[in-house]
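J.:
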Amino acid sequence: MSSTDTDLYPLLLQQAAALVQDEPDLIAKMANLSALIYHSLPELNWAGFYIMREGELVLGPFQGKVACVRIPVGKGVCGTAVATGEPQRIADVHAFPGHIACDAASESELVIPVRAGDQIIAVLDIDSPILNRFGAADQSALEQLVRLLEQSLV
Numbered sequence: 001m002s003s004t005d006t007d008l009y010p011l012l013l014q015q016a017a018a019l020v021q022d023e024p025d026l027i028a029k030m031a032n033l034s035a036l037i038y039h040s041l042p043e044l045n046w047a048g049f050y051i052m053r054e055g056e057l058v059l060g061p062f063q064g065k066v067a068c069v070r071i072p073v074g075k076g077v078c079g080t081a082v083a084t085g086e087p088q089r090i091a092d093v094h095a096f097p098g099h100i101a102c103d104a105a106s107e108s109e110l111v112i113p114v115r116a117g118d119q120i121i122a123v124l125d126i127d128s129p130i131l132n133r134f135g136a137a138d139q140s141a142l143e144q145l146v147r148l149l150e151q152s153l154v
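1 is the number of the first residue of the sequence shown in UniProt numbering; add one for each residue after it.
1) Given this structure, state the Cα-to-Cα distance separating Ala136 from Gln88, to the nearest angstrom.
2) Ser152 lies in the alpha helix (DSSP H); which residues open and close that run?
3) Return the first residue and the last residue of the alpha helix (DSSP H) that Ile37 is part of.
4) Where does Pro61 land, buried or exposed, given buried means 16+ other C-beta within 10 angstroms?
5) Is it true that the region 143-152 meets the region 108-116, where meeting means three or more beta-carbon pairs spaced less than 8 Å apart?
6) Name the residue from Gly79, Gln151 and Glu107 whose alpha carbon lies nearest to the alpha carbon of Ile90.
7) Would you tell me roughly how many angstroms separate the C-alpha atoms of Val154 and Leu11, rounded to the nearest one?
8) Have a look at Ala116 and Leu57 and give me their C-alpha separation to the nearest angstrom.
9) For Gly79, is the classification buried or exposed, using 16 other Cβ atoms within 10 angstroms of its Cβ as the cut-off for buried?
10) For a minimum of 3 consecutive residues, which ranges assigned as the beta strand (DSSP E) are wholly contained in the region 63-131?
11) Across which residues does DSSP place Arg53 in a beta bridge pair?
12) Skipping 5 residues on each side, what residues in its chain have a beta carbon closer than 7 Å to that of Ala16?
13) When the Cα atoms are used, what is the spatial distance from Asp92 to Asp125?
14) Sorted by chain position, which residues of the same chain lie with C-beta nearer than 6 Å to Ile51's C-beta, five sequence neighbours on each side aside?
Okay, here's the thing in structure tokens:
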């Protein structure tokens, strides 16, 4: 990641806060955040949310190519994020055991759980066609973005 990317995050977080602040609908918030991330950050090929429904992840608002519709908890990078409750920053998705290849062009991935209270209700999933695209600064900033979303749910 270049220093230019980290320069984008303060504005991105400011815009994200404004998008979620007065909107009560979770899907509307996720739709706008997906578009904001996808069109603000370089070298992405997918940005969006999977929502927990009846014990599995179901495709939610996103930007990018068509995607897998359902992901079981514990499967792939998204399902692992739910199972562990921890963000997953994967430098090379092809080296990740059980990776689900929704888009063969994806090389790296960042997934952050979204919580309401102590329950994971969704994940933010971001893919890149570049190996090792996501660094610690990306993860930290996007975790902050997810916190903004979570705080707006209260």
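Here a beta-carbon is modelled for each residue, glycine too, at the ideal position from N, C-alpha and C. As the structure is a prediction and not an experimental result, all values here were calculated from the model.
T.: For this structure:
1) 11 Å
2) Ala136 to Ser152
3) Leu26 to Ser40
4) buried
5) yes
6) Glu107
7) 24 Å
8) 15 Å
9) buried
10) 70-72, 88-90, 108-116 and 119-128
11) Glu56
12) Leu33, Leu36, Leu145 and Leu148
13) 15 Å
14) Val58, Gly60 and Ala122
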